[in-house]
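Everything in the sequence shown is counted per our numbering, starting at 75 for the first residue and increasing by one.
Idealized CB from N, CA, C, for every residue including glycine.
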Amino acid sequence: MKYDELEQKGFLDIEVDPALDLFEEIARLKKERNAVVLAHYYQEPDIQDIADYIGDSLGLAQKAAKTQADMIVFAGVHFMAETAKILNPHKKLLLPDLRAGCSLSDSCPPELFKSFKDKHPDHLVISYINCSAGIKALSDIICTSSNAQLIVESLPKQQKIIFAPDKNLGAYINRKSGRNMLLWNGACMVHEIFSLEKITRLKQRHRDAKLIAHPECEEAVLRIADFIGSTTQLLKFAETDEASSYIVATETGILHSMQQNAPGKTFIAAPPDNACACNNCPHMRLNTLEKLYLCMKYELPEITMDEDLRIAAKKPIDRMLELSSQLGLGG
Ligand code: 13P
Ligand code: SF4
């Protein structure tokens, strides 16, 4: 269903009774609908607290592949819900706000990518999961920030590779693995906006704090980071590392889980290059507890997909899931 159809139906004007206990209502609807709520770490704290599972992109895809629920409510962005639908064609897949897109996914339109790919017929295509079903259908293997390096290194050194759509993650994997993958020129608006100057000043003020960063950040930030990893890897590091304070260069939503998992430690959000002190993903933050409740109540907005596209997009995701379990990466 398209966003304007929801508008025409009046769905977007429905208001939530402020007297309702949304935690209770959502818990009731979960039981009634046999629904599971999957949430990314970049969701607002209330959504993380009501979720059945919180994870990074890999964990969420693995969970979606295994769930026995009849309904999956995806508290994340469109490409994540779409991935879950690709893996679960017969389940109802809901996304609280259909406009929750992704700048990185948008930076790689399938028509342009196809002509780029056609110019390099001897290259294998590895795409970061932050892309549309159309890009997945043009790819050989999908990866996430948790498994990108291992997946690239599982291929023979001489294999020519196109990596799309994140140039920062691709360049990071090139540096780590000594490969020379051809990179699509895409980036995440959240991770690319961190200010090196402000982070450097913050490091001077908090000399004991370690800088931990997501590999979607630009090279200049990654170069001064003490640890680089996916959201789950950053969380694990913050929990198990011996330091007591951290400057965190990724979306601020992760601080909620970090603080819960390591209550005695201090987490400082790395500042972006604008007037804000922290860095929220505007797409992820379109989802709210109210919208989550409404979408479970009315079973809208639903993610649907053309079957041929779904089948083509599923192959490289299956390959990622198989490789991940062979490589011992959760699931
Ligand atoms: P991970 O979940 O793989 O850490 O990716 C972060 C992200 O930007 C998701 O949109
Ligand atoms: Fe996309 Fe970046 Fe937002 Fe993740 S944080 S959904 S990559 S724009």
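According to DSSP, residues forming a beta bridge with residue i
i: M145; result: A109, K166
i: C217; result: Y202
i: L256; result: I236
i: E376; result: L168
i: F268; result: P346
Residue i - DSSP class collapsed to helix/strand/coil
i: S181; result: coil
i: P345; result: coil
i: K284; result: strand
i: Y127; result: strand
i: E118; result: coil
i: A261; result: coil
i: T274; result: helix
i: T362; result: coil
i: A238; result: strand
i: T157; result: helix
Item to check | At least 3 beta-carbon pairs within less than 8 Å: the stretch 226–241 vs the stretch 194–210 | outcome: yes
Item to check | Shell residues, 7 Å Cβ cut-off relative to heavy atoms of the ligand SF4 | outcome: Y116, V151, C176, S177, L178, S179, N204, C262, M263, V264, H265, E290, E325, C355, H357, M358
Item to check | Those runs of the alpha helix (DSSP H) which lie wholly inside the stretch 276–335 and span at least 4 residues | outcome: 293–297, 305–314, 328–335
Item to check | Quiz: which residues have CB nearer than 5 Å to the ligand 13P non-hydrogen atoms | outcome: D130, S131, T218, S219, S304, T305
Next on the checklist: Under 8 Å: do the stretch 366–381 and the stretch 133–140 share three or more Cβ pairs, one atom per stretch?
Outcome noted: no
Checklist entry - Is the stretch 248–264 close to the stretch 214–221, with three or more CB pairs under 8 Å? => result no
Item to check | Touch test, the stretch 109–129 against the stretch 381–392, Cβ-Cβ under 8 Å, three pairs minimum | outcome: no
Checklist entry - Is the stretch 239–247 touching the stretch 321–340, taking contact as three or more C-beta pairs under 8 Å? => result no
Item to check | Cβ pair count under 8 Å reaching 3, the stretch 150–166 against the stretch 119–126 | outcome: no
Next on the checklist: Counting beta carbon pairs with one atom in the stretch 272–288 and one in the stretch 186–195, are three or more of them shorter than 8 Å?
Outcome noted: no
Checklist entry - Within the chosen definition, does the stretch 344–355 reach the stretch 137–149 through at least 3 CB pairs nearer than 8 Å? => result no
Checklist entry - Is the stretch 342–349 close to the stretch 375–386, with three or more CB pairs under 8 Å? => result no
Next on the checklist: Tell me whether the stretch 75–88 and the stretch 161–173 touch, counting them as touching only if at least three CB pairs, one residue from each stretch, are closer than 8 Å.
Outcome noted: yes
Checklist entry - So, do the stretch 203–212 and the stretch 181–193 have three or more beta carbon pairs nearer to each other than 8 Å? => result yes
Checklist entry - Do the stretch 306–314 and the stretch 92–105 touch if we need at least three Cβ pairs shorter than 8 Å? => result no
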